[in-house]
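Numbering (my numbering), first residue to last: 17 to 271. Glycine included, each C-beta is placed from N, C-alpha and C at the ideal position. Computed from a predicted structure; not experimentally measured. Working notes, structure below.
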Ligand code: GLN
């Protein structure tokens, strides 16, 4: 009887050490699973042959290099921008790379890596628009993308607005004259302006603060955060991230 109990205990112990062990859901062994929303060129978009399967962009190249630096296989899961932080907290993914601004509000639920890119919100308007400052939006029809920092900015300014699921949907409203201004991150706005005739960008540095993009991980997942940070810091120091930004911005405007 005693022997049986011992064997059982041994089996249970072995189980705890292996398959039944805890830890982050997907960062098992040699795989890191990122979540992204590939609706944000030049950072992430879907293409026929991207750097990570169907996914391409600055962030996708950064994710691939983080995997390479740490000898880990990279998996990319596509989901709505709004769902990314929930999926991270649930352990469905290990990290979020999505041109995501490290905000204090988001820091309440997740940890962020060393920032790798600085952006700002800008206003996209028709070429003949009289909007010259953020204050000029007061009596205009404003479009934003749901859950983006642009929505938070417009909300904080106290303006009413309409929120769309995708950047392309908001841009179509503007092109079709159904809205007057789209508030969006600078590099992505630049891409849409070069893709669509008759649009221009209006900046207002006194109304929109600089935003820093960073990779999000689960709170206190220091092990993964350290790996990601070491890789990002290396890529910032040796110019890799700068090169990627130039390469993907040029590729986007040459299309
Ligand atoms: N930088 C913006 C944010 O964090 C938009 C990011 C995105 O759409 N991928 O909300």
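Terminal residues of the alpha helix (DSSP H) in which residue 104 lies: DSSP places residue 104 inside the alpha helix (DSSP H), whose first and last residues are 100 to 106.
As assigned by DSSP and simplified to three states, the class of residue 166: Correct three-state label for residue 166: helix.
Opening and closing residue of the beta strand (DSSP E) in which residue 70 lies: 69 to 72
Selected residue, minimal CA-CA separation from residue 191, among 249, 159, 170 and 53: 159
Whether residue 244 touches residue 118 by CB criterion (8 Å): no
Exposed unless 16 or more other CB atoms sit within 10 angstroms - verdict on residue 263: exposed
8 Å contact criterion, which residue 60 and residue 107 should meet: CB distance rounded: Not really, about 22 Å apart at Cβ, beyond 8 Å.
Local Cβ density within 10 Å of residue 53, reported as buried at 16 or more and exposed below that: Residue 53 should be labelled buried.
Cβ-Cβ distance between residue 217 and residue 130 below 8 Å: no
Simplified DSSP state of residue 235, which is helix, strand or coil: coil
Residue 117 CB to nearest heavy atom of the ligand ATP below 7 Å: In terms of ligand content, the structure shown lacks the ligand ATP and carries the ligand GLN instead.
Where residue 253 falls, given that 16 or more other Cβ within 10 Å makes a residue buried: It counts as exposed.
C-alpha gap between residue 241 and residue 229, whole angstroms: Straight-line Cα distance between these residues: approximately 15 Å.
Separation of residue 94 from residue 169, as counted between CA atoms: 26 Å
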